[in-house]
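A.B. asks: Counting from 1, one number per residue, gives the positions in the sequence shown under the working numbering.
Take a look at this one; I'll ask things after.
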Amino acid sequence: MELLAPACIVLYVVVVSAVGVRALLVARRTGRRPERLLGAGSVLVCGVGFPTSVASGFGGLVADVNVPFWVASELVTQLGMLCYYGFTQQVFRPGARFGPALVAAAGLFMLAGLAGAARDLVAADPALDSAQAARFWLLWCFVAYGGTFAWSAFESLRQRGMARRRLALGLADPWVVHVFLLYAIYSLAATGIVLANVVAVLLQRNLATSLVVLGPSAVLGVVAAASISLVVAPPARYRARVVGGAPRGRAAPAG
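Written as structure tokens, this is what we have:
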């Protein structure tokens, strides 16, 4: 398990980063903002933010953390999370007045948490665990990190419910209905990974080595990687099976 869990997490990071690159390439071709936001968020969070956070030494002792480097890595992560917030707002709530305000509030909330965490790390005893030294503000940031995925899961399930009713009338594409489910699964798995980190901080476990984090993150990372891959690059056979097995709409009345 000690080797399998990190391998699964690496798989998650690589797959989501690759999905992000693919989405950015699509956005470059189409000029669409949602693909650009999803792609940028995926690359910034998984492709840049997470690896550089690990490289900074955060999760170990305060003495081993390069604080400026960690702050830079978290700024990248937070920019990526802000892109995720923007993606959800653009796709699911494009006309809602609260959408842009929520995205802006999330950005300010995360910045405040990072500033507090950096201050506490600089002032902490070098022998302390870094996650515990910045415990309050780290949990503060996790609220915003988990919030973006929880919001997208809620919106995906909400849209899926409405689309299923249209599908029963023959007014919706069965693949689109399924994509809502897949993205909800991805979002819920990502929310679970954030919650695993929250539990580890509350239990005063090492974020870099504890199976409280690594175990759930490994399992949920595989689930998230699989579901987001099917959203962006579904195998033709899988898509055909979903579409072919969908319930048919009601036949139109004759005459």
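Note that beta-carbon positions come from the ideal geometry of N, C-alpha and C, so glycine has one too.
A quick note: this is a predicted structure, and the numbers were derived from the prediction, not measured.
Would you say G146 and C83 are within 8 Å of each other, going by their C-beta atoms?
C.D. replies: For the purposes of this step, residue 146 is taken as the residue at position 146 of the sequence shown. For the purposes of this step, residue 83 is taken as the residue at position 83 of the sequence shown. Their beta carbons are not under 8 Å apart, which means G146 does not touch C83 by this criterion.
A.B. asks: How many angstroms separate the CA atom of G170 from the CA atom of V177?
C.D. replies: Within the sequence shown, numbered from 1, the residue matching residue 170 stands at position 170. Within the sequence shown, numbered from 1, the residue matching residue 177 stands at position 177. Computed Cα separation, rounded: 12 Å.
A.B. asks: Does the beta-carbon distance from Y12 to A225 come in below 8 Å?
C.D. replies: Within the sequence shown, residue 12 is the residue found at index 12, counting from 1. Within the sequence shown, residue 225 is the residue found at index 225, counting from 1. Yes, these two residues count as a Cβ contact at 8 Å.
A.B. asks: For L139, does the three-state DSSP call read helix, strand or coil?
C.D. replies: Counting from one through the sequence shown, the residue named residue 139 turns up at place 139. Of the three classes helix, strand and coil, the one that applies to L139 here is helix, per DSSP.
A.B. asks: Do A184 and L157 have their C-beta atoms within less than 8 Å of each other?
C.D. replies: Translated into positions along the sequence shown, residue 184 becomes position 184. Translated into positions along the sequence shown, residue 157 becomes position 157. Contact: yes.
A.B. asks: Less than 8 Å separating the beta-carbons of D129 and L61?
C.D. replies: Here residue 129 refers to the residue found at position 129 when the sequence shown is read from its first residue. Here residue 61 refers to the residue found at position 61 when the sequence shown is read from its first residue. Yes. Within cutoff.
A.B. asks: Which two residues bound the contiguous alpha helix (DSSP H) that contains F109?
C.D. replies: By 1-based counting over the sequence shown, the position of residue 109 is 109. Here the alpha helix (DSSP H) through F109 covers 98-123.
A.B. asks: How about the region 196-208 and the region 44-64: do they share at least three Cβ pairs that are nearer than 8 Å?
C.D. replies: yes
A.B. asks: Classify A134 as buried or exposed, calling it buried when 16 or more other Cβ atoms lie within 10 Å of its own Cβ.
C.D. replies: Taking the first residue of the sequence shown as position 1, residue 134 is located at position 134. Under this definition A134 is a buried residue.
A.B. asks: Are there 16 or more other CB atoms within 10 angstroms of the CB of A190, so buried, or fewer, so exposed?
C.D. replies: Within the sequence shown, residue 190 is the residue found at index 190, counting from 1. With 16 or more other Cβ atoms within 10 Å, it is buried.
A.B. asks: Where S187 and V198 are concerned, what is the direct C-alpha to C-alpha distance, given to the nearest angstrom?
C.D. replies: By one-based count along the sequence shown, residue 187 stands at place 187. By one-based count along the sequence shown, residue 198 stands at place 198. In a straight line, the C-alpha of S187 is about 17 Å away from that of V198.
A.B. asks: For the alpha helix (DSSP H) holding N197, just list the boundary residues, first then last.
C.D. replies: Within the sequence shown, residue 197 is the residue found at index 197, counting from 1. Annotation for N197: the continuous alpha helix (DSSP H) segment containing it runs 174-202.
A.B. asks: Considering only DSSP beta bridges, list what L61 is partnered with.
C.D. replies: Locating residue 61 in the sequence shown gives position 61, where the first residue counts as 1. L61 is bridged to D129.
A.B. asks: Using only CA atoms, which one of A7, P6, G20, I9 lies nearest to I228?
C.D. replies: Here residue 228 refers to the residue found at position 228 of the sequence shown. For I228, the nearest C-alpha among the options comes from G20.
A.B. asks: Counting only the same chain and skipping the five closest in sequence on each side, list residues whose C-beta sits under 8 Å from that of P6.
C.D. replies: Reading the sequence shown from its first residue, position 6 is the one you call residue 6. These residues qualify, in order along the chain: L214, A218.
A.B. asks: Based on Cα-Cα distance, which residue from V243, A144, S73 lies nearest to L44?
C.D. replies: Start at 1 with the first residue of the sequence shown, and residue 44 comes out as number 44. It is S73 whose Cα lies nearest to the Cα of L44.
A.B. asks: Indicate whether R33 and Q90 have their beta-carbon atoms separated by less than 8 Å.
C.D. replies: On the sequence shown, residue 33 is found 33 positions in, with the first residue counted as 1. On the sequence shown, residue 90 is found 90 positions in, with the first residue counted as 1. The answer is yes: Cβ separation under 8 Å.
A.B. asks: Give me the Cα-Cα distance between R93 and V103, rounded to the nearest whole angstrom.
C.D. replies: Taking the first residue of the sequence shown as position 1, residue 93 is located at position 93. Taking the first residue of the sequence shown as position 1, residue 103 is located at position 103. Looking at the two C-alpha atoms, the distance is approximately 11 Å.
A.B. asks: Should E35 and V26 be called a contact, given that it needs their Cβ atoms to be closer than 8 Å?
C.D. replies: One-based indexing of the sequence shown puts residue 35 at position 35. One-based indexing of the sequence shown puts residue 26 at position 26. The answer is yes: Cβ separation under 8 Å.
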